[in-house]
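Visitor: Residue numbers (the working numbering): 22 to 278.
Can you read through this structure? Questions will come right after.
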Amino acid sequence: MNRKYRKTVVAGNWKMNKTVSETRAFAEELKNSLPRSKRCSIILCVPFVNITSAIKVLKDSRIAVAAQNVHWESHGAYTGEVSAAMLADLGVKYVLIGHSERRQYFNETDTFVNKKIRAALQAGLRPILCVGETLEQRELDVTSELIAYQIKSALSGISAEEMRHIIIAYEPVWAIGTGKTATPEQAGEVCGTIRAVLRKLYGARVARATTIQYGGSMNPKNASTLLAQPDVDGGLIGSASLELSDFLQIIYAANEE
Ligand code: 13P
């Protein structure tokens with residue numbers, strides 16, 4: 022973390038978990054258990070159907086609600102999809118874009134990811150752009166090139182001004198839901214690579230100010246050492262965000278001096 026230049030952000034990605042009543046109960050307890058000091062921002066990425074309830078419970082709190090996906094068109098014949106304007110109208114502040122599960126199971130390409138980022142920004146939503154390599158790509162030693170490619174294509178046509186609204190999440194695919202966490206050094210190294218790519222694209226100021234999270238089996242045990250890396254500015258947490266006490270412990274770790 023480097024709080025001097027950028028925000029520390031802890032986000033829970035619930036994926037396809039929790040009903041509306043479970044969401045209400047969790048959000049209520051979470052908002053009442055937060056650390057007093059506000060050294061890290063907190064986001065809950067909930068399923069579409071839980072957004073309204075989460076926003077209602079969290080309205081006077083400092084926890085923002087995010088969606089886990091968005092369509093790139095503003096409206097039209099796209100059965101089953103949800104537009105950025107619809108999300109913004111509900112009070113959603115952030116949206117995950119390009120999560121590896123979307124890329125893997127729903128054929129989301131870098132072009133779609135780019136279109137979704139543009140649509141989200143246009144509607145006033147803040148994208149959390151997810152990038153990450155597979156185990157095969159890591160073993161082939163193409164991680165840096167792959168990550169640079171994902172970042173460049175996702176951000177094609179995005180201005181330096183717009184970059185102020187974007188968070189990047191580095192999530193190695195091999196670490197998601199597997200219990201295998203990247204070592205702090207591996208996480209720090211790739212987050213550093215991402216910052217170097219941003220520096221090339223947008224200059225030092227934008228690169229320095231961008232929040233870059235790590236995600237992939239982050240838990241209360243490993244959070245502090247991962248967050249101690251200077252280029253790791255928070256976490257995008259899956260499984261451990263479903264358990265209130267685990268999620269809180271990570272928030273408290275991110276909140277430490
Ligand atoms: P896990 O924390 O369950 O590995 O999931 C990480 C993730 O995909 C968050 O978006």
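Yeah, the Cβ is synthetic: ideal placement off N, Cα and C, and Gly gets one too.
Computed from a predicted structure; not experimentally measured.
For G153, which option in S165, Y273, D252 and V113 has the closest C-alpha, if you only look at C-alpha atoms?
Guide: Locating residue 153 in the sequence shown gives position 132, counting from the first residue. Of the listed residues, the one whose Cα sits closest to G153 is S165.
Visitor: If you follow the beta strand (DSSP E) that I188 is part of, which residue opens it and which one closes it?
Guide: Indexing the sequence shown from 1 puts residue 188 at position 167. Taken as a continuous stretch (DSSP letters only), the beta strand (DSSP E) holding I188 covers I188 to Y191.
Visitor: With a threshold of 16 other CB atoms inside 10 Å of the CB of S121, please say whether the residue is buried or exposed.
Guide: Translated into the one-based positions of the sequence shown, residue 121 becomes position 100. Counting Cβ neighbours within 10 Å, S121 comes out buried, since at least 16 surround it.
Visitor: Using C-beta distances below 8 Å, list every residue in its chain close to Y223, excluding the 5 sequence neighbours before and after it, in chain order.
Guide: As a first step, residue 223 is located in the sequence shown; it is residue number 202 there, counting from the start. Within the same chain, Y223 has close Cβ partners A181 and M184.
Visitor: Could you compute how far the alpha carbon of E192 sits from the alpha carbon of S174?
Guide: Taking the sequence shown and counting its residues from 1, the one referred to as residue 192 is at position 171. Taking the sequence shown and counting its residues from 1, the one referred to as residue 174 is at position 153. Roughly 17 Å separates the two Cα atoms.
Visitor: Is the distance from the Cβ of V194 to the Cβ of Q125 below 9 Å?
Guide: By 1-based counting over the sequence shown, the position of residue 194 is 173. By 1-based counting over the sequence shown, the position of residue 125 is 104. Against a cut-off of 9 Å, the Cβ pair of Q125 and V194 comes out as a contact.
Visitor: Check Y26 in the structure and name its three-state DSSP category.
Guide: Taking the first residue of the sequence shown as 1, we reach residue 26 at position 5. Note: Y26 maps to coil in three-state DSSP.
Visitor: What span of residues does the alpha helix (DSSP H) with G213 cover, start to end?
Guide: In the sequence shown, residue 213 corresponds to position 192, counting from 1. Taken as a continuous stretch (DSSP letters only), the alpha helix (DSSP H) holding G213 covers P205 to Y223.
Visitor: Express the C-alpha separation of C212 and V30 in angstroms, rounding to a whole number.
Guide: As a position in the sequence shown, residue 30 is number 9, starting the count at 1. As a position in the sequence shown, residue 212 is number 191, starting the count at 1. Distance between the alpha carbons of V30 and C212: 14 Å.
Visitor: Enumerate, from N- to C-terminal direction, the unbroken beta strand (DSSP E) stretches of 3 or more residues contained entirely within the segment 72-154.
Guide: 84-88, 115-118 and 147-152, all fully within the segment 72-154.
Visitor: So, at 7 Å on beta carbons, what are the nonlocal neighbours of T44 in its own chain, with the 5 sequence-adjacent residues on each side left out?
Guide: Residue numbering aside, residue 44 sits at position 23 when the sequence shown is read from its first letter. Excluding positions up to five away in sequence, the list reads V67, N71, S74 and A75.
Visitor: Am I right that P205 and T232 are in contact with their C-beta atoms under 8 Å? What's the rounded C-beta distance?
Guide: As a working mapping, residue 205 is identified with position 184 in the sequence shown. As a working mapping, residue 232 is identified with position 211 in the sequence shown. About 18 Å; that fails the 8 Å criterion.
Visitor: From the beta carbon of L263, is the nearest beta carbon of chain C less than 9 Å away?
Guide: Within the model displayed, chain C is absent; a lone protein chain is all it includes.
Visitor: G255: buried (16+ other C-beta within 10 angstroms of its C-beta) or exposed?
Guide: On the sequence shown, position 234 is the one that residue 255 refers to. It counts as buried.
Visitor: How big is the Cα-Cα spacing for A208 and G178?
Guide: Locating residue 208 in the sequence shown gives position 187, where the first residue counts as 1. Locating residue 178 in the sequence shown gives position 157, where the first residue counts as 1. For A208 and G178, the distance between alpha carbons rounds to 27 Å.
Visitor: Okay, do the segment 128-146 and the segment 100-120 touch, 3+ Cβ pairs below 8 Å being the bar?
Guide: They touch, by the three-pair rule.
Visitor: Between Q171 and the rest of its own chain, which residues show a CB-CB distance below 7 Å, the 5 nearest in sequence each way excluded?
Guide: Here residue 171 is taken as the residue at index 150 of the sequence shown, counted from 1. These residues qualify, in order along the chain: D131 and V152.
Visitor: Counting only the same chain and skipping the five closest in sequence on each side, list residues whose C-beta sits under 6 Å from that of G112.
Guide: Counting from 1 along the sequence shown, the entry for residue 112 is found at position 91. Taken in chain order, the residues that qualify are I76.
Visitor: What do you reckon, are the CB atoms on S262 and I197 nearer than 9 Å?
Guide: Here residue 262 corresponds to residue number 241 of the sequence shown, with the count starting at 1. Here residue 197 corresponds to residue number 176 of the sequence shown, with the count starting at 1. Not in contact: S262 and I197 (Cβ atoms no closer than 9 Å).
Visitor: Can L269 be considered in contact with ligand 1, in the sense that its beta carbon sits closer than 8 Å to one or more heavy atoms?
Guide: On the sequence shown, position 248 is the one that residue 269 refers to. Not under cutoff, so the answer is no.
Visitor: Grouping DSSP H, G and I as helix and E and B as strand, with all else coil, what is V70?
Guide: Taking the sequence shown and counting its residues from 1, one reaches residue 70 at position 49. Helix.
Visitor: Using only the alpha-carbon positions, how far apart do F69 and Q89 sit?
Guide: Counting from one through the sequence shown, the residue named residue 69 turns up at place 48. Counting from one through the sequence shown, the residue named residue 89 turns up at place 68. Computed Cα separation, rounded: 8 Å.
Visitor: Short check: CB of I258 to CB of G236, under 9 Å?
Guide: Residue 258 sits at position 237 when you count from the first residue of the sequence shown. Residue 236 sits at position 215 when you count from the first residue of the sequence shown. Going by C-beta atoms, I258 is nearer than 9 Å to G236.
Visitor: In terms of alpha-carbon separation, which member of A87, E94 and I215 lies closest to K36?
Guide: Along the sequence shown, read from residue 1 onward, the residue named residue 36 stands at position 15. Answer by Cα proximity: A87.
Visitor: Run through DSSP, which three-state label would N276 get?
Guide: As a working note, residue 276 is residue 255 in the sequence shown. In the structure shown, N276 sits in a helix (DSSP, three-state: H, G or I).
Visitor: Considering just the uninterrupted stretch of the beta strand (DSSP E) at L257, what are its terminal residues?
Guide: Numbered from its first residue, the sequence shown carries residue 257 at position 236. Note, L257: beta strand (DSSP E), G255 to I258.
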